[in-house]
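Residue 1487 in this note's numbering sits at position 147 of the sequence shown, and the numbers go up by one each step.
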Amino acid sequence: MANTSAPFGFRQYSGGGSAPTYEQVVVRIAYNAAAIFFGDPVLPDTSGFVVIGAPGTTQIAGIFQGCKYLSVAQKRTVWSNYWPGSDVAATSTVEGYIVNDPNARFLAQIGGSSSVGAVVGDINANVQFAIGTGNTSTGISGAFVDISSTPTTTATLPFRLISLVVDPPGSAGTEAGVYNYVIVAFNNVSTKQLTSVG
């Protein structure tokens, strides 16, 4: 069975907290910030807010888990698993939630046309992400692990590849095929010191 390209962002797999909130912390989102989906990496901006992440070597703030805001359209407080990028009064502040626990692990899909091979050499390498297209019906992210550049030792990449998903068999199609699933950990996040591989 071939893998299907259906990225879902970075879904928490484990961590140091407990259900239902795990290690969520409160952050602020500016009223005019672009949409952020559940499972998107987010970055801190210069004004103390978080914004949707852009791939690069900037330290990320964490993984977005949802938000609360006063809706102009609905005239009530809305709890949502994604920030739609509008529907609040100008100058309002949106309350967002992220996971930034340095010990957290996340399930994610490999995107693009590359795959992580079932070889020891790929494990513990540092990897990049890409944002993809979020789903406005479900609020789920379209972000994925981007290994169009070979996984590397670069200390400033945001994630570290921990393992391939191999259990249960067939859950992610072909283990070492294109679009396979992986477990990643934070590497370059505000709550963790940067590390290089090796």
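From the three backbone atoms N, C-alpha and C, an ideal C-beta is built for every residue, glycine too.
Contact under 8 Å by Cβ, residue i with residue j
i	j	result
Val-1485	Gly-1436	no
Ile-1523	Gly-1379	no
Leu-1383	Ala-1370	no
Ala-1444	Glu-1363	yes
Val-1390	Ile-1463	no
Ile-1502	Ala-1525	yes
Asn-1372	Val-1518	no
Gly-1349	Ala-1483	yes
Val-1365	Pro-1442	no
Bridge partner(s) assigned by DSSP for residue i
i	result
Gly-1436	Val-1367 and Cys-1407
Ile-1400	Val-1529
Pro-1384	Val-1390
Closest Cα partner of residue i within the set the options
i	options	result
Gly-1396	Pro-1498, Tyr-1519, Asn-1527 and Val-1529	Pro-1498
Gly-1425	Thr-1478, Ala-1374 and Ile-1471	Ala-1374
Ser-1354	Thr-1493, Val-1506, Asn-1440 and Ser-1489	Asn-1440
Gly-1394	Val-1367, Gln-1468 and Ser-1387	The residue you asked about is not Gly; residue 1394 is Ala in the sequence shown. The shortest C-alpha separation from Ala-1394 is found at Gln-1468.
Arg-1351	Tyr-1521, Asp-1427, Asp-1385 and Ser-1345	Tyr-1521
Trp-1419	Asp-1427, Ala-1413, Cys-1407 and Val-1412	Cys-1407
Ala-1430	Gln-1399, Ser-1411 and Arg-1416	Ser-1411
Tyr-1409	Ser-1477, Val-1428 and Val-1506	Val-1428
Residue-chain proximity (residue i, chain C), Cβ-Cβ < 8 Å
i	result
Thr-1397	Among the protein chains of the structure shown there is no chain C, as only one such chain exists.
Rounded distance between the beta-carbons of residue j and residue i, thought under 8 Å
i	j	result
Phe-1377	Phe-1404	7 Å
Arg-1368	Thr-1433	5 Å
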